[in-house]
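Down below is the structure, laid out as structure tokens.
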Amino acid sequence: MIHNPLISIIVVTYNSQEYVIETLESIKKQTYSPIELIISDDCSRDNTVKVCEEWLLNNSDYFNDSKIITALGNSGIPANCNRGIAAAKGEWIKLIAGDDLLLPEALQKYMTFAEQNPDCEIIHCKVTRMVHRGNQIDYISAEKEVKTINQQMSPEEQFNLLKFSSTIKAPSVIIKKSTVKNLNYFDESIKLCEDWPFWLKVTSSGKKFFFLNDELVFYRIHDQSVYSSAENKFLISPFYKIEKNIYRKYIHGTISLAERIIFDYHYSLQEFFFRLNNNSAKNLLRKIYEVLNLPYKIYAKITFLKNYK
11 MIHNPLISII VVTYNSQEYV IETLESIKKQ TYSPIELIIS DDCSRDNTVK VCEEWLLNNS
71 DYFNDSKIIT ALGNSGIPAN CNRGIAAAKG EWIKLIAGDD LLLPEALQKY MTFAEQNPDC
131 EIIHCKVTRM VHRGNQIDYI SAEKEVKTIN QQMSPEEQFN LLKFSSTIKA PSVIIKKSTV
191 KNLNYFDESI KLCEDWPFWL KVTSSGKKFF FLNDELVFYR IHDQSVYSSA ENKFLISPFY
251 KIEKNIYRKY IHGTISLAER IIFDYHYSLQ EFFFRLNNNS AKNLLRKIYE VLNLPYKIYA
311 KITFLKNYK
């Protein structure tokens, strides 16, 4: 008889009333069981908690266990994730934002893959992006993303790629609770970013990501998304400060002096251009920035060619 491990799905919410029911319905439609459902809310100012409570009244029987965890104040994304994980009883943890969606067979495919790869502790897959443009939603498939971090790479090779950016999408990941616990959970000092610092911790600790070559998640991008609203409006995103902080904390001390010079130059250049003009991505400024940032871009390209398999 095949043993299906308990999966704890943690829905991370903050002012998510508009989309959270879609998220919950996608979880209810999973073909896999057993599932524990935890909704971890970070002191939403809208009706997110009430909407979730009403939904659970009618749907809690679909799950082995279900609960809502609330916070007295807004504590940030990593702390919200950590509260849910700490309360979880499952062997595997599936975090999902309160606006993203799981395909019906997502959990079943994750667990089939885990059974076929018994050494894996953390899995990521392809995602389909749901991009809101006014009243229209564009669905962008991951098929064009040919190369990605995979199990043929060593943890060191994966880290070498992740030090440039978080190429692994958070909604695509499922991870063993024991792994999160052993790595001391998400870094709560970086309030608006839970994934990239943790991916760096995973790979620098000697663990590696396994890649499931299937699209199992819909990743929603809209005006209320943490990063999307600022991503394309500026030459330098205001979030560069968070990225620089992550670099200082998780990357700077692990790389060679030559690499530090390139990375320090890159982040100093970002800071200069952000202070110079943080209101618009003017064409002339963009061209100047791109030329000056060429050393970093060339080094990143060389690193990708060396480490992708």
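To convert a position in the sequence shown, counted from 1, into our numbering, add 10.
Quick reminder that beta carbons are idealized off the backbone N, C-alpha and C, glycines included.
Small disclaimer: the values here were computed from a predicted structure and weren't measured.
Counted within 10 angstroms of its Cβ, other Cβ atoms place residue i as buried (16 or more) or exposed
i       : result
Thr-58  : buried
Tyr-149 : exposed
Phe-282 : exposed
Ala-268 : exposed
Leu-202 : exposed
His-276 : buried
Gly-144 : exposed
Tyr-61  : Per the sequence presented here, residue 61 reads as Val, with Tyr not at that position. So Val-61 counts as buried.
Asp-129 : exposed
Glu-35  : exposed
Gly-94  : buried
Gln-167 : The question names Gln, yet the displayed sequence has Glu at residue 167. Counting Cβ neighbours within 10 Å, Glu-167 comes out buried, since at least 16 surround it.
Pro-207 : buried
Val-30  : buried
Ser-266 : exposed
Ile-48  : buried
Leu-111 : buried
Lys-316 : exposed
Asn-301 : For the sequence presented, residue 301 should be read as Val rather than Asn. Result: exposed.
Ile-159 : buried
Lys-179 : buried
Ile-20  : buried
Leu-222 : buried
Ile-312 : exposed
Ile-256 : buried
Distance CB(residue i)-CB(residue j) smaller than 7 Å
i       : j       : result
Ser-18  : Ala-98  : yes
Tyr-229 : Pro-181 : yes
Ile-87  : Glu-225 : no
Glu-115 : Thr-41  : yes
Val-22  : Ala-107 : yes
Gln-280 : Tyr-250 : yes
Lys-77  : Ile-184 : no
Lys-211 : Pro-165 : no
Glu-46  : Asp-75  : yes
Ser-215 : Phe-169 : no
Leu-295 : Leu-245 : yes
Ala-139 : Ile-79  : Just to set this straight, residue 139 is Arg in the shown sequence, not Ala. No, they are not a contact pair.
Phe-220 : Asn-127 : yes
Asn-25  : Ser-54  : yes
Trp-209 : Leu-171 : no
Lys-38  : Asn-69  : yes
Lys-157 : Tyr-318 : yes
Val-137 : Ala-152 : yes
DSSP-derived helix/strand/coil call for residue i
i       : result
Phe-73  : coil
Ala-97  : helix
Gln-168 : helix
Gln-118 : helix
Ala-107 : strand
Tyr-229 : strand
Thr-138 : strand
Glu-46  : strand
Thr-158 : coil
Val-126 : The sequence shown places Gln at residue 126, rather than the Val named in the question. Residue state, collapsed to three classes: helix.
Ile-17  : strand
Gln-40  : coil
Tyr-24  : coil
Asn-84  : coil
Arg-296 : helix
Ser-239 : In this prediction, Ser-239 scores a pLDDT of 47, lower than 50, which makes its location untrustworthy; the coordinate-derived value is nonetheless stated afterwards. Here Ser-239 sits in helix by DSSP.
Asn-145 : coil
Phe-249 : coil
Leu-302 : helix
Leu-113 : coil
Asn-223 : strand
Ile-265 : coil
Asp-56  : coil
Met-11  : Caution applies to Met-11, whose pLDDT of 43 falls short of 50 and renders its modelled position unreliable; the value that the coordinates give is listed next. Reduced to three states, the DSSP call for Met-11 is coil.
Contact belief for residue i with residue j at Cβ below 8 Å, rounded distance in angstroms
i       : j       : result
Asn-92  : Tyr-195 : 5 Å
Ile-132 : Phe-123 : Not a contact, Cβ separation roughly 12 Å.
Glu-125 : Leu-16  : Between Leu-16 and Glu-125 the Cβ distance is about 15 Å, and since that is not below 8 Å, they are no contact.
Asp-56  : Asn-90  : In fact, because the Cβ distance is near 15 Å, the residues do not count as touching under 8 Å.
Tyr-14  : Pro-44  : Correcting the residue identity first, residue 14 is Asn in this sequence and not Tyr. About 6 Å; that satisfies the 8 Å criterion.
Ile-252 : Ile-200 : 6 Å
Proximity test, residue i beta-carbon vs the ligand NAP heavy atom, cut-off 6 Å
i      : result
Glu-46 : The ligand NAP is not part of this structure, which contains no ligands at all.
Short CB-CB distance (under 7 Å) between residue i and chain C
i       : result
Glu-225 : Here chain C cannot be found, since the structure has a single protein chain.
At which residue ranges does the segment 168-219 contain complete beta strand (DSSP E) runs of 3 or more residues, listed in the order of the chain? Those beta strand (DSSP E) runs which fall completely within the segment 168-219 and span 3+ residues are 184-186.
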